[in-house]
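Participant: The structure under discussion is supplied below as structure tokens; questions concerning it will follow.
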Amino acid sequence: MRSTPLRSSSVWTVTVATVAAVTLTGATARAGSATVEDTYAAPGPWAVRVSTVDTRFVVHHPADLGAGGVRHPVVTWGNGSNATPDRYPGLLNHLASWGFVVIASTSTTTASGVELLAAVDHLVAANDDPASPFAGTLDVSRVAAAGHSQGAGGAARATLASSRIRTVVPINPPDPLWIPDADEVDVSLVRVPVLLLSGTNDRLVSPPRTLTGYYNRIPGAVARASLNGADHNTIQQTGGGYLGYLAAWLRWHLMDDTLAATAFRGPAPEFLGDPDWTNRAARNLGP
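Right, here's the structure in full:
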């Protein structure tokens with residue numbers, strides 16, 4: 001499924017954040033930051049702009065696309081049930097501030113993953129279109145899928161259907177009890193690194209035991225954790241306490257950011273010892 005390329009005539013943009021400088025080659029720990037999570041929980045170095053296209057997609061992206069020759073990785077986002085991208089401004093803007101072009105379908109039903117794949121196709125076409133503001137600024141070989149609740153399942157489904165997707169982040173993935181048979185995803189088939197996130201107060205839809213169940217079925221590189229005190233919709237609006245590790249994971253896997261990687265790798269990874277999270281585990285993430 002391929003959509004019409006993103007052209008300047010079909011786009012309106014709003015600048016939602018301004019940052020003084022752009023860092024082009026990875027992050028450095030901020031002065032006074034105690035942890036890697038602190039570094040990536042703070043806004044990144046890019047000013048952010050939001051573009052809406054033909055009512056189908058909302059794109060959160062660096063305002064100065066391609067500055068210094070940077071080619072931006074892509075994150076395709078799946079909304080939760082009956083939600084639209086405007087429910088996730090904190091998360092989507094935050095990722096864009098760290099150099100990602102984040103595209104979210106406006107669909108309120110994303111379990112199939114079709115919407116996430118159409119969003120990727122849209123940006124691939126825009127990257128090749130000389131009339132697009134995104135022309136030549138994207139690294140379409142570095143794509144992540146992420147989503148919330150129903151969209152978490154859609155992100156996993158999209159990953160199984162596309163060789164472009166290099167990592168997937170399901171947030172509050174629903175327990176199989178809530179998933180119709182036709183929408184259930186066999187996570188044992190996933191072959192890219194997976195970060196599973198949920199909250200300790202999400203006791204009905206995505207309790208910690210659900211995260212553990214998915215974790216145990218994934219054969220490759222995978223990490224999981226439940227944010228203390230977070231409920232099913234904490235990821236909405238500001239993004240709650242999810243932003244730091246989520247941004248670090250994507251920076252590691254899509255930008256080869258060595259500082260970000262240290263949160264998850266090494267003899268004593270920060271992620272596995274963070275007292276703000278429980279149900280922590282990881283395997284096959286490398287030395």
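Per the UniProt record's numbering, the very first residue in the sequence shown carries number 1; after that it's consecutive.
Note that the Cβ used here is the ideal one computed from N, Cα and C, for glycine as well.
Across the region 123–133 and the region 203–221, are there enough close Cβ pairs to call them in contact, namely three or more that are closer than 8 Å?
Facilitator: No, because fewer than three Cβ pairs between the region 123–133 and the region 203–221 fall closer than 8 Å, the two stretches do not touch.
Participant: Excluding five sequence neighbours on each side, which residues of the same chain lie with their C-beta closer than 7 Å to the C-beta of residue 226?
Facilitator: Excluding residues within five positions, the ones whose Cβ falls inside 7 Å are 198, 199, 200, 208, 211, 277, 278, 279.
Participant: In whole angstroms, what is the alpha-carbon distance linking residue 287 and residue 250?
Facilitator: Looking at the two C-alpha atoms, the distance is approximately 18 Å.
Participant: Can you tell me which of 128, 177, 75 puts its alpha carbon nearest to the alpha carbon of residue 255?
Facilitator: When each option's Cα is compared against that of residue 255, the closest is 75.
Participant: For residue 163, is the classification buried or exposed, using 16 other Cβ atoms within 10 angstroms of its Cβ as the cut-off for buried?
Facilitator: Label assigned to residue 163: exposed.
Participant: Quick check on residue 253: does DSSP put it in helix, strand or coil?
Facilitator: Looking at residue 253 - three-state DSSP - the assignment turns out to be helix.
Participant: Between which two residues does the alpha helix (DSSP H) carrying residue 153 extend?
Facilitator: Residue 153 -> alpha helix (DSSP H) spans 150–161.
Participant: Compute the beta-carbon to beta-carbon distance between residue 222 and residue 194, rounded to the nearest angstrom, for a pair I have assumed lies under 8 Å.
Facilitator: Residue 222 to residue 194, Cβ: 4 Å. Contact.
Participant: For the putative contact between residue 72 and residue 139, defined by C-beta atoms under 8 Å, what is the C-beta separation to the nearest angstrom?
Facilitator: About 6 Å; that satisfies the 8 Å criterion.
Participant: By Cβ distance below 7 Å, which residues in the same chain neighbour residue 272 in space, the five residues on each side in sequence not counted?
Facilitator: Once the five neighbours on either side are set aside, the close Cβ partners of residue 272 are 280, 282.
Participant: Beta-carbon separation of residue 143 and residue 155 under 9 Å?
Facilitator: Their beta carbons are not under 9 Å apart, which means residue 143 does not touch residue 155 by this criterion.
Participant: Using 8 Å for Cβ pairs, my map puts residue 92 next to residue 83. What's the rounded Cβ distance?
Facilitator: Contact flag wrong, Cβ pair sits at about 12 Å.
Participant: Does the Cβ-Cβ distance between residue 158 and residue 187 come in under 9 Å?
Facilitator: Against a cut-off of 9 Å, the Cβ pair of residue 187 and residue 158 comes out as no contact.
Participant: To the nearest angstrom, how far is the alpha carbon of residue 37 from that of residue 244?
Facilitator: Answer to the nearest angstrom: the Cα atoms are 5 Å apart.
Participant: Is it right to say residue 28 is buried, meaning 16 or more other beta carbons lie within 10 angstroms of its own, or is it exposed?
Facilitator: Low local confidence applies: a pLDDT of 49 at residue 28 is under 50, so the model's placement there is unreliable, with the coordinate-based value given in what follows. That one is exposed.
Participant: Restricting to Cα atoms, I'd like to know which of 35, 106, 47 is closest to residue 53.
Facilitator: Closest by alpha carbon: 106.
Participant: What residue ranges within the region 159–244 form continuous alpha helix (DSSP H) runs of no fewer than 4 residues, ordered along the chain?
Facilitator: Runs of the alpha helix (DSSP H) inside the region 159–244: 208–217.
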